[in-house]
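Chemist:
There are 4 protein chains.
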Amino acid sequence: MKHAPVHYHDYLKLDSLLGIQQRRSETLGQPAHDEMLFITVHQAYELWFKQILFELDSVLELFGNQTVAEKDMAIASARIQRIISILRLVMGQIDVMETMTPLDFLEFRDFLYPASGFQSVQFRLLETKLGLKEKDRLLYNQTPFYKHLPEHQQKLVLQALAKDSLFELVDKWLARTPFLQNQEFDFWSSYQKAVKQMFAGDKETVRNNSHLNAEAKAKNLEMIEASEKTFHALFNESEYKKLQEEGHFHLSYRAFHGALLIYLYREQPIFHFPFQILNSLMDIDELLTQWRYRHALMAHRMLGQKIGTGGSSGHTYLKQATDKHKIFTDFFNLSTFLIPRSKVPPLPANLQSKMNFNY
Amino acid sequence: MKHAPVHYHDYLKLDSLLGIQQRRSETLGQPAHDEMLFITVHQAYELWFKQILFELDSVLELFGNQTVAEKDMAIASARIQRIISILRLVMGQIDVMETMTPLDFLEFRDFLYPASGFQSVQFRLLETKLGLKEKDRLLYNQTPFYKHLPEHQQKLVLQALAKDSLFELVDKWLARTPFLQNQEFDFWSSYQKAVKQMFAGDKETVRNNSHLNAEAKAKNLEMIEASEKTFHALFNESEYKKLQEEGHFHLSYRAFHGALLIYLYREQPIFHFPFQILNSLMDIDELLTQWRYRHALMAHRMLGQKIGTGGSSGHTYLKQATDKHKIFTDFFNLSTFLIPRSKVPPLPANLQSKMNFNY
Amino acid sequence: MKHAPVHYHDYLKLDSLLGIQQRRSETLGQPAHDEMLFITVHQAYELWFKQILFELDSVLELFGNQTVAEKDMAIASARIQRIISILRLVMGQIDVMETMTPLDFLEFRDFLYPASGFQSVQFRLLETKLGLKEKDRLLYNQTPFYKHLPEHQQKLVLQALAKDSLFELVDKWLARTPFLQNQEFDFWSSYQKAVKQMFAGDKETVRNNSHLNAEAKAKNLEMIEASEKTFHALFNESEYKKLQEEGHFHLSYRAFHGALLIYLYREQPIFHFPFQILNSLMDIDELLTQWRYRHALMAHRMLGQKIGTGGSSGHTYLKQATDKHKIFTDFFNLSTFLIPRSKVPPLPANLQSKMNFNY
Amino acid sequence: MKHAPVHYHDYLKLDSLLGIQQRRSETLGQPAHDEMLFITVHQAYELWFKQILFELDSVLELFGNQTVAEKDMAIASARIQRIISILRLVMGQIDVMETMTPLDFLEFRDFLYPASGFQSVQFRLLETKLGLKEKDRLLYNQTPFYKHLPEHQQKLVLQALAKDSLFELVDKWLARTPFLQNQEFDFWSSYQKAVKQMFAGDKETVRNNSHLNAEAKAKNLEMIEASEKTFHALFNESEYKKLQEEGHFHLSYRAFHGALLIYLYREQPIFHFPFQILNSLMDIDELLTQWRYRHALMAHRMLGQKIGTGGSSGHTYLKQATDKHKIFTDFFNLSTFLIPRSKVPPLPANLQSKMNFNY
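Residue numbers (our numbering), protein chains in the order written: chain L, 1 to 359; chain S, 1001 to 1359; chain V, 2001 to 2359; chain C, 3001 to 3359.
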């Protein structure tokens, strides 16, 4: 309490905050009641986007270190959890927006031309810093996405594109995982062997299953073989790299191994936070994707087949972007390669002890 | 499209909006990461409070008319629904706030002294305009609540206190209900008769119920009589007024009748919106009350038994205010006086026709 | 209280309810903790599906009447609102399900073969009774969807398919709208004229807008003309029917008029509930669609690229079905044809009076 | 796939599950539509209560071990998170219930006599196993709470009361915390010293603060001293025990120290899960408390001042129980004794190393 006392109103700068909701419909002489809601919802989004970026930047900094200290893992994880919590919250802002009906929106829609949510630089930065690459984006009006922004904002986005995103930092961190290969244990060859045994066992079980008739057996064996085939690419680095170039994988080969190791041995204390973080990245992707999807549905409801204020093809664009702009798909796909716990190769005791606390 | 084109960034005044998150801990040389969240959450609250007040003011205007046009009923109802939708949303902001731990709060708590949420003039206006009277408020540090505000804000609150609140406008509107008494139908005496018959029938049924032994019968009859007694006050205007003075009722005697009429005959088309609106007022009360309760729990968790930054007794004050600051309690209590549909006196056919559409 | 007393436990038949969570993994000697959650979530879904069907059946009955009484409109609307409320709730059950990780699911997944959510007859009935036609469904393993059900369940679905669904009943009800054409007012020709004037005015405004350069003007005019073109089909019945056959419209021509009338004059008291109901149908569609989408994301996360237990292509099937199985798309698309309130042709006074209460 | 194939319908025992929603109003010849919802909501609650108990029992087992293995900490934490996730979900069931209006409830309320939610043995077990003691419960109709249950259920509750609850197991686990006192570091005396210095510093700062006038200084010093006083009890074991007997503390003296240690040094890897678990216990308490509060509000709305079906004093009882039945209050109160990170005594390096991984 060395400092001057401060009042709530001044601390939050409420004079500024509450003085910037100027309805354009009012300025132009045709006040539309619902434009106020439209402004408030969008300002609330931008406030929260700023907060998300603040947390994300701090996480990027922690993961940008050559080694991430264990203490920092807990901090990074907590901040990612906060981002998730915010994304969950702002999903609900769509419910509020939908209290506006299409006819009410028409009252002021024309006054907004050509403003559009596509022009939110913070949202672009968010996607970019998480790891969305320009080449993976849907083209919008045949021009790169950042061309729709004022020049100084374009610069911000290009700077972000030039730096390592969260995806890339996590990729590097996974590739550094120290337990992939050492004297006591070669994870990759042990896992490969376990997979082979599992499929052999599954086929044997089907063949001996007296509950199934010949047709059902054939169908089951076919399913097992189809499943087995998906593992081939994983066990052949050059095959993997080919699929990577085609866009089926995004993680580096070694990072993929690191992630699988964490998934399969997540009960080891040292993997608790890494596992939690990988899970959280999927949560972020799920929430962003759901939000895009809800946004598309709302746009459809509000505009029908009309084109967007910014000249976009409206809800169709939004729906196409929904899946295409997913970032951490590899972690979803990774489940393809999990095997039941009973089949997972056991870790040598002294390796387990290294993965535990020093106490 | 007579007007100049506008960009998203300028339309939303994002330069101003995103330039006012200044952490005091940073200014004072000890940057605390989580203060940013603290600021964002509170600014988001104030943004939404402004929106709620905007909707509420428009509802007050509609209900301030001598007669409320049927068209306006739909508009008023939709806007009240929007307020509910916003209150539901901002409840979730507490989840985000709770990603901050008590120790993180301690990093910057001292810098805020003596700022406090008690100093939010918008929240005070919201409560006041809904109908919270000064005399019904918990005393806060032994002074009237508005004394904690800067002078020009005190004036705003006093002005709001001097005007009819939503509670008072709804009371007047209910008291004007045109169907309470007319040639074909005297609601109050019909209802009174129905209540009497109901209790007589209930007692008869208990006495004849072979499933119950003497003790159970006695207990049941006692319960019925206790229930019957609560109706006495309702059927005696001077008794009602006495209870009103003691704070058990807040609605005028005639408004209470109007509300009961709407509840009991809510399936009549003309009562659809009135019923929806009375229901919505309870929704608002439930949501505000829950929000206060969650706020109290959060304060307890964050501060333990410490006193608030503004010098309040902390979570104890908040918990006591939770119930005390409820506004539309009468509508909750009204359920005491409902009777089963089969016992409700039927409306004469020509009255029903007046309550229906002209088509 | 003529009846025997009843205890909570017996009333809810809790012995039965709580005795049917039998983990198959336990029966087969390899108890997997998380299978209990898997069972509970699915049973909770089926409980709620039953409740939704109960409400939906009652709405179908009300709308199946030759004329829907105004009182019944309020009841139907309230029950549809309840369905919405339930759909909102069960969306959250996915959050609970996602506390199970892919590796935990693998512990018992094989024991479930070939059970699959595709076999939920209640969900099929729900979709069918809302209005999803067999021809509009995604093919699943090259066979009609009901073939995956036991025979007596197939019969239930075929019966439901043979009856009028909610979509069809609403279509008929809209087509019966009494105000579409009468002596005082011909809605369709008035609306057509208003649309024409609106586009002429819009083009004029662009041409005279000194803020726009030639290129911008050309682009704007192009947008307006594209927009104008979408109205052609609406004003030409044979064109409409052609598009209907191609699947662009599903409502009958006359029902489409009825729906537009309600949207454009929704502030008239007689349209309050009709408008609320049309809105609610979109809410149902949005919620079901979001639920399908979240389900697809969860399946992706749980299984990666593995095929579903029932032999489906897994999350890809689910994602494709998400949009394809939407039912009330026409009401979303209807926004295409809304015009600003200031351009909507005013209703003659005596027609307005017919649309109001008799009082 | 050694086992027989299974169909979704049989796996979930849907014939049983969907055959036990028998409306008593229908059986008694006066079918009330909304009774179906009433049954479904309550059955859904009981399903989820069973699931919560299943998770809770497994957590009690893990914590019942003399030492809790680090691996088990992650499992326990995940299961507690699941309980939280379920509690969050079922809170939303009240929204669905509230689509029933008081008048609709009256249609069948009498048929339920004297069934009551107070008779839910699963909820009683849940509270008891979490740690609610009989002496801390509100008396209900002047008899112990379990007397309202059938005899074999009373036995279940008495058995649960006789065993260690989660509260007691956590208390013992905290008291065992190995780092409270050792050669390198005496937590308690270091902390005590730090607290003393903090208060001395705070007072000095106030005295030297030129922004404050004499009155403000006096008020501030008073606040600091009040705050200092709350620490006295903590530093005096016999004082603590006295307060414990009066019900101000529930944790043992040593467990309180353990909890404080975890709070203050939660960034140490070995405390990550312990901290998460303590936090989760507060989440459970907050959610249960909110649920009770919402339940009380709903009862008020549904019944007004009527007494409950089971003869309880209705919403008043529920509201009083809301706060009184909180279980982990000590962890909330613990925040009283936190001090800012900059004042927390640093840990010796070799102790920190013991709290980290072995790698």
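Note that CB positions come from ideal geometry on N, CA and C, so glycine has one too. Just so we're clear, the structure is a prediction, and the values are computed from it rather than from any experiment.
Looking at the secondary structure, which residues open and close the alpha helix (DSSP H) in which A3175(C) lies?
Modeler: Looking up residue 3175(C) in the fourth sequence gives position 175. It spans L3166 to A3175 - the alpha helix (DSSP H) in which A3175(C) sits, taken as one unbroken run.
Chemist: Beta carbons nearer than 8 angstroms to chain A: which residues of the segment 275-296 of chain L have them?
Modeler: Checking the listed chains, one finds no chain A in this structure; the protein chains it contains are L, S, V and C.
Chemist: Quick one: what's got a C-beta closer than 6 angstroms to Y253(L)'s C-beta in the same chain, skipping five residues either side?
Modeler: Locating residue 253(L) in the first sequence gives position 253, counting from the first residue. Counting only Cβ-Cβ distances below 6 angstroms, and skipping sequence neighbours, we find E237 and Y240.
Chemist: Would you mind telling me which residues of chain V sit closer than 9 angstroms to A984(S), beta carbon to beta carbon, in chain order?
Modeler: In the structure as shown, chain S begins at 1001 and stops at 1359. Residue 984(S) is therefore absent and cannot be evaluated.
Chemist: Could you say which of L56(L), T99(L) and P114(L) lies nearest to M2223(V) if we only look at CA atoms?
Modeler: Residue 2223(V) sits at position 223 when you count from the first residue of the third sequence. Considering only alpha carbons, the answer is P114(L).
Chemist: Could you tell me the distance, in whole angstroms, from the CA atom of Y263(L) to the CA atom of F49(L)?
Modeler: Here residue 263(L) refers to the residue found at position 263 of the first sequence. Here residue 49(L) refers to the residue found at position 49 of the first sequence. Roughly 31 angstroms between the two C-alpha positions.
Chemist: Would DSSP call D1186(S) helix, strand or coil?
Modeler: If you number the second sequence from 1, residue 1186(S) lands on position 186. Of the three classes helix, strand and coil, the one that applies to D1186(S) here is strand, per DSSP.
Chemist: Less than 7 angstroms between the beta carbons of M3100(C) and L3037(C), yes or no?
Modeler: Position 100 of the fourth sequence, counted from the start, is the residue given in the question as residue 3100(C). Position 37 of the fourth sequence, counted from the start, is the residue given in the question as residue 3037(C). Yes. Within cutoff.
Chemist: Using a beta-carbon distance below 7 angstroms, is T2336(V) in contact with chain L?
Modeler: Position 336 of the third sequence, counted from the start, is the residue given in the question as residue 2336(V). For T2336(V), the answer is yes, since a Cβ of chain L falls inside 7 angstroms of its Cβ.
Chemist: Comparing alpha-carbon positions, which option in Y2008(V), I2339(V) and A2162(V) lies nearest P102(L)?
Modeler: To locate residue 102(L), count along the first sequence from 1; it is residue 102. When only C-alpha atoms are compared, the closest one is I2339(V).
Chemist: Please report the Cβ distance between T1289(S) and L3297(C), rounded to the nearest whole angstrom; I am assuming they are in contact, meaning their Cβ atoms lie under 8 angstroms.
Modeler: One-based indexing of the second sequence puts residue 1289(S) at position 289. One-based indexing of the fourth sequence puts residue 3297(C) at position 297. Their Cβ separation, rounded to whole angstroms, is 7 angstroms, which keeps T1289(S) and L3297(C) in contact under 8 angstroms.
Chemist: Below 7 angstroms on C-beta distance, what does A3074(C) contact in chain L?
Modeler: Locating residue 3074(C) in the fourth sequence gives position 74, where the first residue counts as 1. Under the 7 angstroms cutoff, chain L gives E267 and H272.
Chemist: How about the segment 3161-3175 of chain C and the segment 3193-3205 of chain C: do they share at least three Cβ pairs that are nearer than 8 angstroms?
Modeler: Segments in contact, no.
Chemist: When the Cα atoms are used, what is the spatial distance from F1179(S) to P2150(V)?
Modeler: Along the second sequence, read from residue 1 onward, the residue named residue 1179(S) stands at position 179. Along the third sequence, read from residue 1 onward, the residue named residue 2150(V) stands at position 150. Those two C-alpha atoms are separated by around 57 angstroms.
Chemist: Within 10 angstroms of its Cβ, does P3346(C) collect 16 or more other Cβ (buried), or is it exposed?
Modeler: As a position in the fourth sequence, residue 3346(C) is number 346, starting the count at 1. Exposed: under 16 other Cβ atoms inside 10 Å.
Chemist: At the level of alpha carbons, what is the spacing between L2234(V) and L2251(V)?
Modeler: By 1-based counting over the third sequence, the position of residue 2234(V) is 234. By 1-based counting over the third sequence, the position of residue 2251(V) is 251. About 12 angstroms.
Chemist: Is the Cβ of F2357(V) closer than 7 angstroms to any Cβ of chain S?
Modeler: Taking the first residue of the third sequence as position 1, residue 2357(V) is located at position 357. Yes, F2357(V) counts as interfacial toward chain S.
Chemist: Does G3092(C) get closer than 7 angstroms to chain V when you measure Cβ to Cβ?
Modeler: Translated into the one-based positions of the fourth sequence, residue 3092(C) becomes position 92. Chain V contact via Cβ: present.
Chemist: Starting from K1219(S), find everything on chain V with Cβ-Cβ shorter than 7 angstroms and list it in chain order.
Modeler: The residue labelled residue 1219(S) in the question sits at position 219 within the second sequence. Result: empty, since nearest Cβ-Cβ is about 11 angstroms, beyond 7 angstroms.
Chemist: In whole angstroms, give me the CA-to-CA distance for L112(L) and L2212(V).
Modeler: If you number the first sequence from 1, residue 112(L) lands on position 112. If you number the third sequence from 1, residue 2212(V) lands on position 212. When rounded, the distance between both Cα atoms is 15 angstroms.
Chemist: Can you check whether the CB of S2077(V) is closer than 7 angstroms to the CB of L303(L)?
Modeler: As a first step, residue 303(L) must be located in the first sequence, where it is residue number 303. As a first step, residue 2077(V) must be located in the third sequence, where it is residue number 77. No, Cβ-Cβ distance for L303(L) and S2077(V) is not below 7 angstroms.
Chemist: Are any of the Cβ atoms in chain V nearer than 7 angstroms to that of E3026(C)?
Modeler: By 1-based counting over the fourth sequence, the position of residue 3026(C) is 26. No, no contact with chain V.
Chemist: Please list the terminal residues of the continuous alpha helix (DSSP H) segment that includes S1085(S).
Modeler: Along the second sequence, one-based indexing puts residue 1085(S) at 85. Counting along the chain, the alpha helix (DSSP H) containing S1085(S) begins and ends at E1070 to M1091.
Chemist: Express the C-alpha separation of G1064(S) and E2098(V) in angstroms, rounding to a whole number.
Modeler: For the purposes of this step, residue 2098(V) is taken as the residue at position 98 of the third sequence. For the purposes of this step, residue 1064(S) is taken as the residue at position 64 of the second sequence. About 50 angstroms.
Chemist: Evaluate the contact criterion for the segment 3025-3033 of chain C versus the segment 3118-3137 of chain C: three or more CB pairs, one atom per stretch, below 8 angstroms.
Modeler: In short, these stretches do not touch, since the Cβ pair count stays below three.
Chemist: Using a 10 Å radius around the Cβ and a threshold of 16 neighbouring Cβ atoms, would you call R2124(V) buried or exposed?
Modeler: One-based indexing of the third sequence puts residue 2124(V) at position 124. Per the 10 Å Cβ criterion, buried.
Chemist: Mind the definition here: the segment 1050-1057 of chain S touches the segment 1081-1089 of chain S only if three or more C-beta pairs lie below 8 angstroms; say whether that holds.
Modeler: Short answer: they touch.
Chemist: Jot down the residue ranges of each uninterrupted alpha helix (DSSP H) in the segment 3213-3290 of chain C, minimum 4 residues, whole runs only, in chain order.
Modeler: Entirely contained in the segment 3213-3290 of chain C, the alpha helix (DSSP H) runs reaching 4 residues are, in chain order, 3214-3232, 3237-3245 and 3253-3264.
Chemist: How would you list, in chain order, the residues of chain L whose beta-carbon sits under 9 angstroms from the beta-carbon of P2102(V)?
Modeler: In the third sequence, the residue the question calls residue 2102(V) occupies position 102. Within 9 angstroms Cβ-Cβ: Y263, L334, S335 and L338.
Chemist: Which of the three DSSP states is assigned to Q2181(V) in this structure?
Modeler: In the third sequence, residue 2181(V) corresponds to position 181, counting from 1. In this structure, Q2181(V) counts as strand in the three-state DSSP scheme.
Chemist: Does any CB atom of chain C fall closer than 7 angstroms to the CB of Y2240(V)?
Modeler: Locating residue 2240(V) in the third sequence gives position 240, where the first residue counts as 1. Output row for Y2240(V): interface = no.
Chemist: Taking only the alpha-carbon atoms, compute the straight-line gap between F331(L) and R2341(V) and give it to the nearest angstrom.
Modeler: For the purposes of this step, residue 331(L) is identified with residue 331 of the first sequence, where counting begins at 1. For the purposes of this step, residue 2341(V) is identified with residue 341 of the third sequence, where counting begins at 1. F331(L) and R2341(V): Cα-Cα distance of roughly 49 angstroms.
Chemist: Write down the C-beta distance between N2358(V) and F1357(S) rounded to the nearest angstrom, noting that I regard them as a contact closer than 8 angstroms.
Modeler: Position 358 of the third sequence, counted from the start, is the residue given in the question as residue 2358(V). Position 357 of the second sequence, counted from the start, is the residue given in the question as residue 1357(S). Rounded, the Cβ-Cβ distance is 7 angstroms, consistent with contact.
Chemist: Tell me, please, whether the CB atom of K1306(S) is closer than 7 angstroms to any CB atom in chain C?
Modeler: Looking up residue 1306(S) in the second sequence gives position 306. It does: the Cβ of K1306(S) has a partner Cβ on chain C nearer than 7 angstroms.
Chemist: Tell me the residue span of the alpha helix (DSSP H) that contains Y11(L).
Modeler: In the first sequence, the residue the question calls residue 11(L) occupies position 11. Where Y11(L) is concerned, the enclosing alpha helix (DSSP H) stretches over Y8 to Y11.
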